[in-house]
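Residue numbers (this note's numbering), protein chains in the order written: chain R, 642 to 1117; chain F, 642 to 1117. Ideal Cβ positions, reconstructed from N, Cα and C, are used throughout, including at glycine.
Right, dumping it as structure tokens:
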């Protein structure tokens, strides 16, 4: 929200420069390029070039995320801090001169850990760094104490007889793989959700899991466990890598007792909400291109990369489009969802409230602030030329074209299920899980250059989707 | 303490191999090498080659530090955990078959932070990650709250009028430089000790300093402040880098209020002690080559690199010498000092108790577990050829020869002052202050390969100093 004059000046400058350097038709009508990309107009090409260049010089996104983490900071779903974030977001969106700004309220089950402590009590006494898993119940007052039983992975726990588990604290020591696309997360996160129900069925007292993360630092990674939906009621926590190592070394030596003390604040019907803003389409205002990110965060860190960065990226991209001489034909809608982290409540509430809206395409930025390296779609086959046309304008940003199996992101998941086309502007996530859901998710982990590249890609995608009459669905 | 058979086998093997490859006299009598290095015997050369090779294949040091951090963990000076570390150390030294193993007890002023909390309370509410500085008094019960006043460095605080400071919490935002030899520490650490007395003289209520460290992670770096000796009684704490950034951003925007709550457990005459063991010299047992490290640690981390690594390095080096067919002529003494972190009490107690011993040379390993890159001495000028002779045997380990201004290390500081020659086996400390005095000082930060190189260098140095009749002092 600062440096507005600078950004506008850069926009004007970039417009002139790129129009001179790059003839508008060179990309759109290349007869040798199989398979075909849908053509765009010369005016659209000039606009895309302006947007891309302006974004790469813009501090808009940086200023937004800097402001969010400075003035609000962590904002747990349903908390007073999340409410402050909504107030902040509405003001920020007004300052950026969007229209139709509002908060759509809903309520959620609230969960917060007001105490989360664990220590080895025998054969040595050592404090551990842990994070209670979202939804974990409290331990009995004062904590519980038991011998641990270590399993290298979930499969080993599943295979274990109840007699090996009963009355003990289960410790799942599975590690996560570092991958560019974050695909290691799915495999590693299974233990976070499944440890408690499986361990409970075998008579365990609690669950500890090696943090779902890729860093070597003394942070525990927070995260929701899905056990509540499976009827489990076992206290569960993630331990830092060094403490998981310690438990593994101690367990290899002999019986190891651990004390776990979790105190959870659990309430029903806590307030949350989605903050929404628009650039109203000049020709087809009922048709919506949805750009999403989530406003809430876990509360150990600042929520900078998860998902302050996403909030900043989609807002800055829309702002650059808003500053164009002509609004796009379709409406661009920003969804800053509430309560994503503890159950994607905002995305679900949005899908319910807007089931009858005409969503042309939807996408969420929620994978940190790394450079975008891949564009994926989930379009009807007949719409593939539109995907290629968009990708052609993303390629100068170093972005490759992926397949047609995009997920779109958590908060547009219900829309996707309902048939709304989605895309992924896939970020390089090699280091994302170093910081994800830890105290170390702070502003300094965002690279301003990579952030600008994200804004450029989102602006190009959103503009082309909104200024066209393309349908990404199967024709009827 | 494991893999003993392996280490001995490697030693035997290495002995044969190196004797074949490297004629014993080639290094010792090179007439072209100015300036001259003192000669060593062929037998000594063979032994040095054996030691070096055996150390580079040995897991002795790794097993020692792994055992210490697993079975004891953090061991704050004067605490029950430090007492457990002494018990552990005596048993470990017995297992390694040293002689004259004993604990020399002394008492210290005890300090522990049982509560250390800070948060921004206006214009936003955000929790911060801090560490009370060693010696800090408690805040008034429930904490104190005041506006912060930021200074970029200590000089700015010194220059400020009292009116700018009175009734406020001083925040020194100085950063530390990353250097190989750790020289950035001295400059950066000044603020840790001097903030409180200077701020108190100007009427401040408390001191916050940007952590003395080089990492970008959400850890506060512990450390003693020297303010007690300067008569100050101001609560003082270090804040993590991300929280220092937050304070700086908020201070740039306007008045910022912080709540600080420190509860310190301060006691007199807490028990500590030095654990000592020896390899008794076969010809001149009264002459002592002293290898030091410290047994205590700060208590947020595991005390792995500070100074579990040092304990492991000097002990493993001595153990390799102990396993030689012949003991060296002089006595090698291991000093595992207590209570270094909160005032070098162990080093002082040792110097008092052993003022009349004949110390030939002394050195401490207390700069982590990075590779040794430089050998420095503090010898009489006449002893320079001995320093060069030692260095010549260290050079195959990639170690350069530095100047004659070695410090020796904190726990041999009083000996140095009393005229005992010292050396520095200087470790690469580029990343040392990433972990130093944080929760992140854990076993996984030690590179086993670098640890072996350390052991090799210490074994070579200690053997040559102990098996010679060299004097490193000015001749009388």
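Check, Outcome
"Using a Cβ-Cβ distance under 8 Å, would residue 740 (chain F) count as near chain R?", "no"
"To test your reading of the DSSP string, which unbroken alpha helix (DSSP H) runs of 4 or more residues are found completely within the stretch 1030-1071 of chain F?", "1054-1058"
"For the stretch 961-1025 of chain F, which segments carrying the alpha helix (DSSP H) assignment without a break, of at least 4 residues, lie completely within its bounds, in sequence order?", "986-994"
"Apart from the five residues just before and just after residue 1061 (chain F), which ones in its own chain have a Cβ nearer than 6 Å to its Cβ?", "1000, 1003"
"Please state whether DSSP places residue 753 (chain R) in a helix, a strand or coil.", "strand"
"Give the residues from the stretch 752-786 of chain R that approach chain F closer than 9 Å (Cβ to any Cβ), ordered along the chain.", "761, 764, 765, 766, 767, 768, 770"
"Measure from the alpha carbon of residue 1121 (chain F) to the alpha carbon of each residue in F:887, F:863, F:884, F:1068, then state which is nearest.", "The structure shown has nothing for residue 1121 (chain F), since chain F only spans 642 to 1117."
"Using alpha carbons as the reference points, say which of R:948, R:901, R:688 lies closest to residue 811 (chain R).", "R:901"
"Taking the alpha carbon of residue 807 (chain F) as the point to measure from, which residue in F:777, F:840, F:1012, F:679 has its own alpha carbon closest?", "F:840"
"Could you tell me which whole alpha helix (DSSP H) segments of length 4 or greater appear in the stretch 807-851 of chain F?", "824-842"
"Can you give me the C-alpha to C-alpha distance between residue 666 (chain F) and residue 1040 (chain F), rounded to a whole angstrom?", "Unreliable positioning characterises residue 666 (chain F) in this predicted model, as indicated by a pLDDT of 42, which lies under 50. The coordinate reading is nonetheless provided below. In a straight line, the C-alpha of residue 666 (chain F) is about 21 Å away from that of residue 1040 (chain F)."
"Determine the chain F residues that contact residue 1092 (chain R) at a beta-carbon separation under 7 Å, and present them in chain order.", "Within chain F, no residue comes near residue 1092 (chain R); the closest Cβ sits about 16 Å away, beyond 7 Å."
"Can you pull the chain R neighbours of residue 1120 (chain F), defined as C-beta to C-beta under 7 Å?", "Summary: the structure shown does not reach residue 1120 (chain F), with chain F confined to residues 642 through 1117, and so no result is reported for it."
"When you compare each of F:915, F:777, F:957 to residue 865 (chain F) by their alpha carbons, which one comes out closest?", "F:777"
"Determine, using beta carbons only, whether residue 891 (chain F) comes closer than 8 Å to chain R.", "yes"
"Please confirm if the stretch 914-922 of chain F is in contact with the stretch 733-750 of chain F, defined as three or more CB-CB distances below 8 Å between the two stretches.", "yes"
"Does the pairing of the stretch 823-830 of chain R with the stretch 780-788 of chain R give three or more beta-carbon distances under 8 Å?", "no"
"Rounded to whole angstroms, what is the Cα-Cα separation between residue 873 (chain F) and residue 891 (chain F)?", "28 Å"
"With 9 Å as the limit, tell me which residues of the stretch 709-736 of chain R have their beta carbon closer than that to any beta carbon of chain F; keep them in chain order.", "710, 711, 712, 713, 714, 715, 721, 722, 725"
"Under 8 Å, with one C-beta from each stretch per pair, do the stretch 848-856 of chain F and the stretch 877-889 of chain F reach the 3-pair mark?", "yes"
"Apart from the five residues just before and just after residue 664 (chain F), which ones in its own chain have a Cβ nearer than 8 Å to its Cβ?", "Note on residue 664 (chain F): pLDDT 40, under 50, position unreliable in the model; the coordinate value appears next. Closer than 8 Å at the Cβ level, and outside the excluded window around residue 664 (chain F), lies no residue."
"When the Cα atoms are used, what is the spatial distance from residue 696 (chain R) to residue 1037 (chain R)?", "13 Å"
"Should the stretch 920-937 of chain R be regarded as contacting the stretch 964-977 of chain R, the criterion being three or more beta carbon pairs within less than 8 Å?", "yes"
"Could you give the residue range of the beta strand (DSSP E) that holds residue 860 (chain F)?", "From DSSP, residue 860 (chain F) is part of no beta strand (DSSP E); its letter is neither H nor E."
"Are the stretch 692-709 of chain F and the stretch 950-964 of chain F in contact at 8 Å, needing three or more beta carbon pairs?", "yes"
"Quick check on this structure: which residue in R:718, R:1058, R:803 has the alpha carbon closest to the alpha carbon of residue 985 (chain R)?", "R:718"
"Please list, in chain order, the chain F residues whose beta carbon lies closer than 7 Å to that of residue 901 (chain R).", "Correct list: empty, because the minimum Cβ distance to chain F is about 18 Å."
"Any idea what DSSP makes of residue 650 (chain F), helix, strand or coil?", "Confidence at residue 650 (chain F) is low in this model, with a pLDDT of 40, below 50, so its placement is unreliable and the value that follows should be read with caution. The answer is helix: DSSP assigns residue 650 (chain F) an H, G or I state."
"Pick helix, strand or coil for residue 717 (chain R), following the three-state DSSP scheme.", "coil"
"Looking only at DSSP bridge pairs, what is residue 743 (chain F) linked to?", "F:917"
"Exposed or buried, residue 721 (chain F), counting other C-beta atoms within 10 Å across all chains shown (16 or more means buried)?", "exposed"
"Closest Cβ-Cβ distance between residue 1085 (chain F) and chain R: below 8 Å?", "yes"
"Can you tell me whether residue 608 (chain F) is buried or exposed, with buried defined as 16 or more other CB within 10 angstroms of its CB?", "Chain F is shown from 642 up to 1117; residue 608 (chain F) falls before or after that span and cannot be answered."
"DSSP has residue 902 (chain R) in a bridge; who is on the other side?", "R:758"
"Under 8 Å, do residue 858 (chain R) and residue 1081 (chain F) count as touching if we go by C-beta distance?", "yes"
"Is residue 791 (chain F) helix, strand or coil when you go by DSSP?", "strand"
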